[in-house]
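Chain order of the listed sequences is A and B. Heads up: the first sequence begins at 121 in the working numbering, then just goes up one per residue. Heads up: the second sequence begins at 121 in the working numbering, then just goes up one per residue. Comments concern the structure below.
2 protein chains.
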Amino acid sequence: MDSNDSPPRRLTRAETKARTRTLLLDAAAQEFARKGFAGASVDDIAERAGFSVGALYSNFAKKEDLFLELLAGRSGHQLAEAAQIVADQDSSVQERRQALGRLLVAAADKDVDLAPLQAEFWLYAVRRPEIQEQLSSQFRTTRDTLAESLAAWARDRGRPGDLPLDALSTVVLALFQGLVQLRRTDPALVPESLYGTALGWLLTGITALTEESS
Amino acid sequence: MDSNDSPPRRLTRAETKARTRTLLLDAAAQEFARKGFAGASVDDIAERAGFSVGALYSNFAKKEDLFLELLAGRSGHQLAEAAQIVADQDSSVQERRQALGRLLVAAADKDVDLAPLQAEFWLYAVRRPEIQEQLSSQFRTTRDTLAESLAAWARDRGRPGDLPLDALSTVVLALFQGLVQLRRTDPALVPESLYGTALGWLLTGITALTEESS
DNA sequence: GTCTATAAGACGATAGAC
DNA sequence: GTCTATCGTCTTATAGAC
């Protein structure tokens with residue numbers, strides 16, 4: 121089984137192959153984000169990764185497989201982060217809002233490829249019903265994580281039970297994605313503070329209306 | 121000038137050409153929505169419109185021109201409609217919310233090509249800075265229409281001046297777009313009533329917080 | 001103004017050397 | 001496992017008949 125754990129060894133064959141796969145996936149993510157699934161060529165992907173097309177096809181049977189592996193593996197991590205910020209009980213409400221604003225800005229500005237790639241995933245899934253379930257299960261997971269964080273927030277405020285968490289977390293998720301896209305089109309339209317502010321409106325409103333009807 | 125207004129005439133040459141252009145644009149919209157800009161072929165577009173490629177190229181110099189004309193001409197009409205619903209002072213608050221929910225559902229479900237086509241526009245604009253301004257000016261127009269409607273709503277409720285209308289209308293716009301995309305991925309995630317409900321939370325919250333700080 | 005036919009090139013995917 | 005070279009297909013765009 122080639123049990124070689126000694127440190128100064130270069131790289132296992134399995135490791136180099138795994139590294140090649142990762143490099144190809146990274147390159148594919150960039151090309152798909154910049155040119156779209158149909159617009160990106162396997163040639164450009166291979167070249168960006170520093171390999172030839174032959175090496176690519178020895179690791180992935182079809183161009184589509186690269187896309188599907190990205191779709192399966194890289195999603196929604198930034199919103200799980202958002203949920204943790206909301207759930208962080210040590211920070212003040214104002215701190216949380218600022219942190220969320222920064223997160224939105226980071227998602228929209230810093231990782232320039234993220235939002236286009238996710239839009240590309242969405243389009244791909246919308247066009248192929250057999251993939252749709254995969255994407256919607258990711259959305260449900262993100263929403264559920266978000267719902268837990270919002271439940272923690274509600275407990276903090278002493279009003280535990282009666283919040284419509286599914287609806288609220290869906291709205292928070294949709295708002296986040298919508299604002300990221302708007303900011304990407306025109307940063308002036310979506311200042312850094314807006315997401316936190318909007319969350320404040322939502323949570324204040326839902327609290328008032330939920331109290332009122334009980 | 122060929123001033124022919126008599127009824128039983130077939131069609132002017134200019135009219136047939138305009139009709140051809142329209143048919144080609146309709147077909148292009150469907151193909152771009154279903155396969156993307158890069159994925160759609162001029163052949164399929166021409167065939168769907170009932171013409172040949174030659175006829176297409178006699179009306180549009182490049183495939184890109186079809187896309188750009190669609191991008192310039194068909195946008196945001198459904199949200200202008202939303203704004204009118206919000207502004208309609210004859211209907212009750214509950215009626216407005218139901219109407220908005222129906223509008224969201226219509227945008228997400230009925231016109232199956234609309235949301236994918238707009239996503240395609242967005243990706244195209246994000247990838248070409250020279251187009252970005254065109255899209256963001258459309259967003260600003262939609263937002264401003266929305267802001268007027270919300271101002272009317274605020275006047276109705278007797279609290280005219282002190283609402284952050286730009287911020288609020290941006291949030292409403294982002295929420296709408298985010299929910300449409302989520303509903304397209306999984307209808308169970310976004311029930312028809314959610315948009316109206318979320319608007320209720322937002323407006324209640326913003327009213328409470330704006331009062332509080334004054 | 002619309003057609004058919006074709007030019008010129010890019011594409012995804014494969015074969016065989018190393 | 002990665003390379004280079006190539007195959008066959010599909011693409012956009014053009015040319016010339018009608």
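C-beta atoms are modelled at their ideal positions from N, C-alpha and C, and glycine is treated no differently.
Worksheet item: If we count Cβ pairs, one from each stretch, closer than 8 Å, do we get three or more for the segment 262-276 of chain A versus the segment 306-321 of chain A?
Response: Not touching, per the Cβ criterion.
Practice prompt. Using the Cα positions of residue 203/B and residue 331/A, report the straight-line distance between them to the nearest angstrom.
Written response: Spanning the two alpha carbons is a distance of roughly 29 Å.
Fill in: Proximity of residue 328/A and residue 156/B at Cβ, strictly below 8 Å
Cβ distance not < 8 Å, so residue 328/A and residue 156/B don't count as in contact.
Fill in: Any chain A beta carbon closer than 8 Å to residue 249/B
No, because no Cβ of chain A sits closer than 8 Å to the Cβ of residue 249/B.
Item to complete: For residue 70/A, name the three-state secondary structure that DSSP assigns.
Response: Residue 70/A cannot be examined here, being either before or after the span of chain A that is shown, 121 to 334.
Practice prompt. Go ahead and label residue 173/A buried or exposed: buried means 16 or more other beta carbons lie within 10 angstroms of its beta carbon, across all protein chains shown.
Written response: Result: exposed.
Worksheet item: For residue 209/A versus residue 276/A, is the C-beta spacing smaller than 8 Å?
Response: It is a contact, given that the beta carbons lie within the stated cut-off.
Discussion item. What would DSSP say about residue 247/A, mapped onto helix, strand or coil?
Written reply: It is helical.
Discussion item. Run through chain B and tell me which residues come within less than 7 Å of residue 329/A, C-beta to C-beta.
Written reply: Contact note: residue 329/A reaches chain B through 320, 321 and 324, using a C-beta cutoff of 7 Å and chain order.
Practice prompt. To the nearest angstrom, report how far apart residue 333/B and residue 194/A are at their CA atoms.
Written response: In a straight line, the C-alpha of residue 333/B is about 42 Å away from that of residue 194/A.
Item to complete: Tell me, to the nearest whole angstrom, how far the beta carbon of residue 301/A is from that of residue 245/A; I am working on the premise that it is less than 8 Å.
Response: Beta-carbon to beta-carbon, residue 301/A and residue 245/A are separated by about 16 Å, too far to satisfy the 8 Å threshold.
Practice prompt. Output, in sequence order along the chain, the residues in the segment 272-291 of chain A whose CB is closer than 7 Å to any CB in chain B.
Written response: If the cut-off is 7 Å between Cβ atoms, the segment 272-291 of chain A has 287, 290 and 291 near chain B.
Item to complete: Decide if the segment 137-150 of chain B is in contact with the segment 183-192 of chain B; the criterion is three or more beta carbon pairs, one per stretch, under 8 Å apart.
Response: With the cut-off at 8 Å, the segment 137-150 of chain B and the segment 183-192 of chain B touch.
Discussion item. Quick check on residue 217/A - is its C-beta less than 8 Å from some C-beta in chain B?
Written reply: For residue 217/A, no CB of chain B lies under 8 Å from its own CB, so it is not counted at the interface with that chain.
Practice prompt. Tell me, please, whether the CB atom of residue 298/A is closer than 8 Å to any CB atom in chain B?
Written response: Under the Cβ distance rule, residue 298/A counts among the residues neighbouring chain B, one pair being separated by less than 8 Å.
Worksheet entry | CA-to-CA distance, residue 324/B to residue 342/A, given in whole angstroms | This structure does not reach residue 342/A, given that chain A is present from 121 up to 334, and the question cannot be answered.
Worksheet item: Under the rule that 16 or more other beta-carbon atoms within 10 Å means buried, what is residue 124/B, buried or exposed?
Response: Unreliable positioning characterises residue 124/B in this predicted model, as indicated by a pLDDT of 46, which lies under 50. The coordinate reading is nonetheless provided below. Around the beta carbon of residue 124/B, a 10 Å sphere encloses fewer than 16 other beta carbons of the protein chains shown; the residue is thus reported as exposed.
Item to complete: Name, please, each residue of chain B whose Cβ falls closer than 9 Å to the Cβ of residue 152/A.
Response: Simply none; closest approach about 11 Å.
Worksheet item: When burial is assigned at 16 or more other CB atoms within 10 Å of the CB, is residue 134/A buried or exposed?
Response: Burial state of residue 134/A is exposed, judged by a 10 Å Cβ sphere holding fewer than 16 other Cβ atoms.
Worksheet item: In angstroms, rounded to a whole number, what distance separates the CA positions of residue 167/B and residue 177/B?
Response: Spanning the two alpha carbons is a distance of roughly 13 Å.
Discussion item. Measuring only the C-alpha atoms, how far is residue 219/B from residue 164/A?
Written reply: Approximately 48 Å, taken between the alpha carbons.
Discussion item. Checking 8 Å against the spacing of the C-beta atoms, do residue 306/A and residue 256/B come in under that value?
Written reply: In terms of Cβ geometry, residue 306/A and residue 256/B form a close pair [threshold 8 Å].
Worksheet item: Under 8 Å between the Cβ atoms of residue 313/B and residue 170/B?
Response: Result no, Cβ atoms of residue 313/B and residue 170/B do not sit closer than 8 Å.
Discussion item. Here's the rule: buried if 16 or more other CB atoms are within 10 angstroms of the residue's CB, otherwise exposed. What is residue 240/B?
Written reply: Buried, since its Cβ has 16 or more Cβ neighbours within 10 Å.
Discussion item. Just to confirm my understanding: we take residue 160/B, look at its own chain, exclude 5 residues before and 5 after, and list those with CB closer than 7 Å. What are they?
Written reply: 151 and 152.
Fill in: Neighbourhood of residue 189/B by C-beta distance below 7 Å, restricted to the same chain and skipping five residues each side
So the qualifying residues of the chain are 145.
Worksheet item: Quick one, which of 321/A, 283/A, 282/A and 278/A has its alpha-carbon nearest residue 295/A's?
Response: Selected option, being the one with the closest Cα: 321/A.
Worksheet item: Any idea what DSSP makes of residue 260/B, helix, strand or coil?
Response: For residue 260/B, the three-state secondary structure derived from DSSP is helix.
Practice prompt. Go to residue 219/A, then tell me how far its alpha helix (DSSP H) extends in each direction, as first and last residue.
Written response: Looking at the DSSP string, the run of the alpha helix (DSSP H) that includes residue 219/A is 213-225.
Worksheet item: Count the other CB atoms within 10 Å of the CB of residue 248/B; is the residue buried (16 or more) or exposed (fewer)?
Response: Looking at its Cβ environment, which holds fewer than 16 other Cβ atoms inside 10 Å, residue 248/B is exposed.
Worksheet item: What is the DSSP secondary structure of residue 145/A, reduced to helix, strand or coil?
Response: Annotated three-state conformation of residue 145/A is helix, per DSSP.
Discussion item. So, with DSSP's three-state summary, where would you put residue 310/B?
Written reply: Residue state, collapsed to three classes: coil.
Discussion item. Assuming residue 231/A is part of the alpha helix (DSSP H), what are its boundary residues?
Written reply: No alpha helix (DSSP H) contains residue 231/A, which DSSP labels as neither H nor E.
Worksheet item: Contact check, residue 293/A vs residue 310/A under 8 Å by CB: the rounded distance?
Response: About 16 Å separates the beta carbons of residue 293/A and residue 310/A, which is beyond the 8 Å limit, so they are not a contact pair.
Worksheet entry | CB-CB length for residue 206/A against residue 270/A, believed under 8 Å | Under the criterion of beta carbons closer than 8 Å, residue 206/A and residue 270/A qualify as touching, at roughly 7 Å.
Worksheet item: What did DSSP end up calling residue 133/B once you bin it into helix, strand or coil?
Response: If DSSP states are grouped into helix, strand and coil, residue 133/B belongs with the helices.
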